[in-house]
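Data first, discussion second: the structure below is written as structure tokens.
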Amino acid sequence: MTIYELKIGSDTIRYMPLKEAELDLPNCDKDGKELIKEQITKSAYKFKYADGTEYKGTIYKSLNGTAIDKGLKTKEIKDSEFEIVDRFEALDLKPQHLYFVELSNYFKEKIGDKGTASKAVKFNFSNGQYSSYTAYIYNYANSFLMVLGNAYITELIAEAKEKTPKTQTKLNELKSTDGVNKVSVLALAQARKDVKKWENFT
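See below:
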């Protein structure tokens, strides 16, 4: 793990990314036999067995040696498949996806519809493909959010403290190797302010 340095005023802080382990499932055929992915062109690939034989059938993923197909987007959570938990648990989840949610009065009563609401709805959720997430719905600034993720921030912090990071730091350089000025953080921040946030949703 690499430590970065950032000077803020007269002090210098050190920081490192918090990253959860990703689930990387190998490619396989319908019988679970592993396939090797080989790039042919920039956007084209072929698959072959370890002995070099090319495979032209449907590609699946292998989970513990068994072929699995893409999942379906979650459409229903039964009463026995969700629970009401403390809102802090939801805030501790490292977000991978975030959604605005419209809730019925049923759940508003369970988790609260005011800014002081202290509860959240927790369940398992898939948005399709080979994805699976822990999901929470909770009150945020008098609106409701659904957050999806697979790691908790407190656990990632504990892991980061246990690891011995590399001493090498990455410092901001003002110019690239060919002499072109690096992009200004302030210029990017101003550009973001000028973007109409909802123009892609009209």
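For the sequence shown, the positions run 1257 to 1458 when our numbering is used. The beta carbon of each residue, even a glycine, is placed where N, CA and C say it ideally should be.
Asp-1342 is bridged by DSSP to Lys-1375. The C-beta separation of Phe-1400 from Leu-1354 comes to about 12 Å, leaving the pair out of contact by the 8 Å criterion. Using a Cβ distance threshold of 9 Å, Ser-1374 and Asp-1348 do not count as a contacting pair. In this structure, Lys-1350 and Leu-1412 form a Cβ contact; the two beta carbons are roughly 7 Å apart against a cut-off of 8 Å.
Contact between Asn-1361 and Glu-1276 is absent: CB atoms are separated by about 35 Å, not below the 8 Å threshold. Segment contact: the stretch 1284-1294 against the stretch 1312-1328, three or more CB-CB distances shorter than 8 Å; contact assigned.
Exclusion of the five residues before and after Ala-1346 leaves Ala-1376, Tyr-1392, Tyr-1394 as the residues of its chain whose Cβ lies within less than 6 Å of its Cβ.
Bridge pairing for Phe-1363: absent [DSSP]. In this structure, Lys-1370 places its C-beta atom within 9 Å of the C-beta atom of Asn-1398. Going by beta carbons, Ile-1340 and Ile-1367 fall inside the 9 Å limit.
In this structure, the straight-line span from the alpha carbon of Thr-1268 to that of Ala-1414 is close to 22 Å.
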